[in-house]
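Residue numbers (the numbering used here): 23 to 93. Glycine included, each C-beta is placed from N, C-alpha and C at the ideal position. In this text the structure is predicted, and so the values were computed from the model without any measurement.
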């Protein structure tokens, strides 16, 4: 995975207690913090589970968001 230097912002997700505990344990077993684990999960979902149409949609949405934020 490519290492990026970016400003980190707080991010909150509401999940049930069991899922939260599983994430904490997975983080410990993999020896990565929760932010890194979240990045890994997002990367895996993008590259392993999206078909070509979904990848194009992601690119379009991310480009539009990036262009909007540059204003």
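Other residues of its chain near residue i: CB distance less than 8 Å, five sequence neighbours each side excluded
i: residue 54; result: 62
i: residue 31; result: none
DSSP-derived helix/strand/coil call for residue i
i: residue 47; result: helix
i: residue 84; result: helix
i: residue 36; result: coil
i: residue 52; result: helix
i: residue 72; result: coil
i: residue 77; result: helix
Residue nearest to residue i in terms of C-alpha spacing, selected from the options
i: residue 29; options: 64, 36, 47, 57; result: 57
Residue i vs residue j beta-carbon contact at 9 Å
i: residue 59; j: residue 45; result: yes
Same chain only: Cβ atoms within 7 Å of residue i, ignoring 5 sequence neighbours per side
i: residue 36; result: none
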